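Peer 1: Quick one: the structure is below, and I'll ask about it shortly.
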Amino acid sequence: AQSVTQLDSQVPVFEEAPVELRCNYSSSVSVYLFWYVQYPNQGLQLLLKYLSGSTLVKGINGFEAEFNKSQTSFHLRKPSVHISDTAEYFCAVTPANTNAGKSTFGDGTTLTVKP
Amino acid sequence: DVKVTQSSRYLVKRTGEKVFLECVQDMDHENMFWYRQDPGLGLRLIYFSYDVKMKEKGDIPEGYSVSREKKERFSLILESASTNQTSMYLCASTRDSGGPRNEKLFFGSGTQLSVL
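Okay, structure coming up:
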């Protein structure tokens, strides 16, 4: 079985500052990793995913994440945030070659960008 | 773009009522999923379906059932609603592409169900 831990439940940050949302996972098998964003009153949207290859993954809206196998982490970063990035962010893991819909999701991190 | 539509944004029901949550997708996706989302608990998979009339239990199926009579529609049923089923319910779909390499999970906007 897999598990996901998002280390921060809430991250407040000022506009144009950098941000890092932390995600650790555990699994006995190879996994795929995902970050999703949920804006208020909306469903989740995929930000980026790591399947294999380069450990640095670039996604939409200027976000990127780095897969670190030795530390079993998949932290999400953005060098300069905007007010519009205020949302809830979910890290998810699924065994390799398993449908993404069966992912195990983290508890979520609420990012609040202040002017 | 793919659209996943959940019929109600807010729903208020009484304890013991039978509740139907409807989800429709318009892109001929084979796979459909129901999750519940609770603060501090993330998303938990209730049921999923890989094909018409096919269903499989997810991580928390107790108290729920599903129906998939047509490919585009996946219904979540609460046979006898209870207060601990008050939650946000999210539906999602994806094409059967053999794995996450090529697939993308599309979510509906959610139904906030309150059971009084």
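Protein sequences appear in the order of chains A and B. Position in the first sequence counted from 1, then plus 106, gives you my numbering. Position in the second sequence counted from 1, then plus 263, gives you my numbering. Glycine included, each C-beta is placed from N, C-alpha and C at the ideal position. These figures come from a predicted structure and were not determined experimentally.
Given a limit of 7 Å on CB to CB distance, which residues of the stretch 345–361 of chain B reach chain A?
Peer 2: Cβ contacts with chain A: L353, A355, T357.
Peer 1: With 16 other CB atoms within 10 Å as the buried threshold, where does A:H188 fall?
Peer 2: By one-based count along the first sequence, residue 188 of chain A stands at place 82. It is exposed - the Cβ of A:H188 has fewer than 16 other Cβ atoms within 10 Å.
Peer 1: Have a look at the DSSP bridge pairing and note the partners of B:I340.
Peer 2: Reading the second sequence from its first residue, position 77 is the one you call residue 340 of chain B. In the DSSP output, where bridge partners are listed per residue, B:I340 has B:F283, B:S328.
Peer 1: Kindly say whether A:K164, judged by its beta-carbon, lies nearer than 8 Å to any beta-carbon of chain B.
Peer 2: Mapped onto the first sequence, residue 164 of chain A falls at position 58. No, because no Cβ of chain B sits closer than 8 Å to the Cβ of A:K164.
Peer 1: Report yes if the CB atom of B:Y273 is closer than 8 Å to the CB atom of B:Q375, and no otherwise.
Peer 2: Mapped onto the second sequence, residue 273 of chain B falls at position 10. Mapped onto the second sequence, residue 375 of chain B falls at position 112. Cβ distance < 8 Å, so B:Y273 and B:Q375 count as in contact.
Peer 1: Look up A:V163 in the DSSP assignment and give the residues it is bridged to.
Peer 2: For the purposes of this step, residue 163 of chain A is taken as the residue at position 57 of the first sequence. Bridge partners of A:V163: A:A171.
Peer 1: What residues match up with A:H118 in a beta bridge as DSSP calls it?
Peer 2: To locate residue 118 of chain A, count along the first sequence from 1; it is residue 12. In the sequence as displayed, the identity of residue 118 of chain A is Pro instead of His. Answer is A:T218, bridged to A:P118.
Peer 1: State buried or exposed for A:F120, treating a residue as buried only when at least 16 other CB atoms are found within 10 Å of its CB.
Peer 2: Position 14 of the first sequence holds residue 120 of chain A. Classification for A:F120: exposed.
Peer 1: Kindly indicate the opening and closing residues of the beta strand (DSSP E) around A:H181.
Peer 2: Numbered from 1 along the first sequence, position 75 holds the residue referred to as residue 181 of chain A. A:H181 -> beta strand (DSSP E) spans 179–184.
Peer 1: How big is the Cα-Cα spacing for B:A344 and B:L368?
Peer 2: The residue labelled residue 344 of chain B in the question sits at position 81 within the second sequence. The residue labelled residue 368 of chain B in the question sits at position 105 within the second sequence. Distance between the alpha carbons of B:A344 and B:L368 is about 28 Å.
Peer 1: Return the chain-ordered list of same chain residues with a C-beta closer than 8 Å to the C-beta of B:K316, the five sequence neighbours on each side being excluded.
Peer 2: Stepping through the second sequence from its first residue, residue 316 of chain B is reached at position 53. R331, E332.
Peer 1: Could you tell me the alpha carbon to alpha carbon distance between A:K184 and A:Q148, rounded to whole angstroms?
Peer 2: The residue given as residue 184 of chain A occupies position 78 in the first sequence. The residue given as residue 148 of chain A occupies position 42 in the first sequence. When rounded, the distance between both Cα atoms is 22 Å.
Peer 1: I'd like the span of the beta strand (DSSP E) that includes A:K155, first residue to last.
Peer 2: Reading the first sequence from its first residue, position 49 is the one you call residue 155 of chain A. Its beta strand (DSSP E) spans residues 150–156.
Peer 1: How big is the Cα-Cα spacing for A:G165 and A:L153?
Peer 2: Here residue 165 of chain A refers to the residue found at position 59 when the first sequence is read from its first residue. Here residue 153 of chain A refers to the residue found at position 47 when the first sequence is read from its first residue. Approximately 5 Å between the Cα atoms of the pair.
Peer 1: Whose C-beta lies closer than 6 Å to the C-beta of A:P221 among residues of the same chain, with five residues either side of it excluded?
Peer 2: Locating residue 221 of chain A in the first sequence gives position 115, counting from the first residue. Within the same chain, A:P221 has close Cβ partners E121.
Peer 1: Could you tell me the distance, in whole angstroms, from the CA atom of B:D289 to the CA atom of B:V267?
Peer 2: As a position in the second sequence, residue 289 of chain B is number 26, starting the count at 1. As a position in the second sequence, residue 267 of chain B is number 4, starting the count at 1. Taking the straight line joining both Cα atoms gives about 7 Å.
Peer 1: May I ask you to report which of helix, strand or coil DSSP gives A:N203?
Peer 2: Stepping through the first sequence from its first residue, residue 203 of chain A is reached at position 97. Here A:N203 sits in coil by DSSP.
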